[in-house]
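Take a look at the structure set out below.
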Amino acid sequence: MIDKIKPIPSLSSNSVFLAALLGMVGGFLDAYTFISRDGVFANAQTGNIVLFAVNAATGEWKESLIFIPPLIAFILGVLVSEIVKIPSIREILHSYRRSILILECIVLIIVGFLPTSVPNIIVTTSISFVSSLQISTFNKLDKWAYNSTMTTGNLRTATQAAYAAFTKQSQEAKIQFKEFSIIIGSFLFGALLGTFTTTQFGNKAIWVSAFILIIALALYHKDKGYIRKRCVS
160 MIDKIKPIPS LSSNSVFLAA LLGMVGGFLD AYTFISRDGV FANAQTGNIV
210 LFAVNAATGE WKESLIFIPP LIAFILGVLV SEIVKIPSIR EILHSYRRSI
260 LILECIVLII VGFLPTSVPN IIVTTSISFV SSLQISTFNK LDKWAYNSTM
310 TTGNLRTATQ AAYAAFTKQS QEAKIQFKEF SIIIGSFLFG ALLGTFTTTQ
360 FGNKAIWVSA FILIIALALY HKDKGYIRKR CVS
């Protein structure tokens, strides 16, 4: 008789648990940069583009320039996330997703060590780069696309799923609504946590988000290294 040992809860790249942790980081970083760094949204580039346009249109050219580097950093992050997927590079890294999580942690830890005298633009640009890496690498929840650094699309998807679950009694829609609600709640919690810790601890509060990523990295590593064993009796 062969019995299978139950696997540990999955923390694969498209699991809801990992998505919740990353959503928490996304909300945290947006609150952190908005409160402590010139009101710039490091994650939401739509907001930065709008703020750039508003300042430029009103003749505030100097103020508008602070929104350009985060946009460039975001584009650079997307390019890096694509480069690591090249087969030869993936073979060297073994797991490009794990490498992206490590890179995120390193950047955020370094940012926490930067003195307050460092221009805000350096910090917001660094965080935009991290956000871009995350959104480009981890964007699937089961078979659905999601966003761990912005919540507008997730809110739309959750609402549509709730409608389908109510009107069509769709079990798949119920699961989708539940999982996307978890991500939205995690993003909200991250923003609350980011607001509280930033007002209390200042620049070094960013280490909280790095710690969350370290947890995600450790669990992701454990999940990927888990070998299902069979007991033969």
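Taking the numbering used here, the leading residue of the sequence shown gets 160, the next gets one more, and so forth. Yeah, the Cβ is synthetic: ideal placement off N, Cα and C, and Gly gets one too.
In three-state terms, what does DSSP make of LYS302? Assigned with DSSP and collapsed to three states, LYS302 falls in coil, not helix or strand.
Cβ distance (whole Å) where PHE295 is taken to contact THR308 below 8 Å: Rather than Phe, the amino acid found at residue 295 in this sequence is Ser. Actually they do not touch by this definition, with Cβ atoms about 10 Å apart.
Element boundaries [alpha helix (DSSP H), containing MET183]: Run containing MET183: 175 to 195, per the alpha helix (DSSP H) assignment.
For GLY353 and LEU188, which I take to be in contact (beta-carbon distance under 8 Å), what is that distance rounded to the nearest angstrom? The C-beta distance from GLY353 to LEU188 rounds to 7 Å, short enough to fall under 8 Å.
Is the segment 206 to 216 close to the segment 256 to 275, with three or more CB pairs under 8 Å? No, the segment 206 to 216 does not touch the segment 256 to 275.
Roughly how many angstroms lie between the CA atoms of GLY361 and SER276, to the nearest whole one? Approximately 13 Å between the Cα atoms of the pair.
Enumerate, from N- to C-terminal direction, the unbroken beta strand (DSSP E) stretches of 3 or more residues contained entirely within the segment 305 to 334. Entirely contained in the segment 305 to 334, not one beta strand (DSSP E) run reaches 3 residues.
Can you name, in chain order, every residue of its own chain whose Cβ lies under 7 Å from the Cβ of ALA304, other than the five neighbours on each side? Hits under 7 Å: ASN298.
Residue of GLN293, ALA332 and PHE339 minimising C-alpha distance to THR310: Looking at GLN293, ALA332 and PHE339, the one whose alpha-carbon comes closest to that of THR310 is PHE339.
Between which two residues does the alpha helix (DSSP H) carrying ALA216 extend? Run containing ALA216: 204 to 216, per the alpha helix (DSSP H) assignment.
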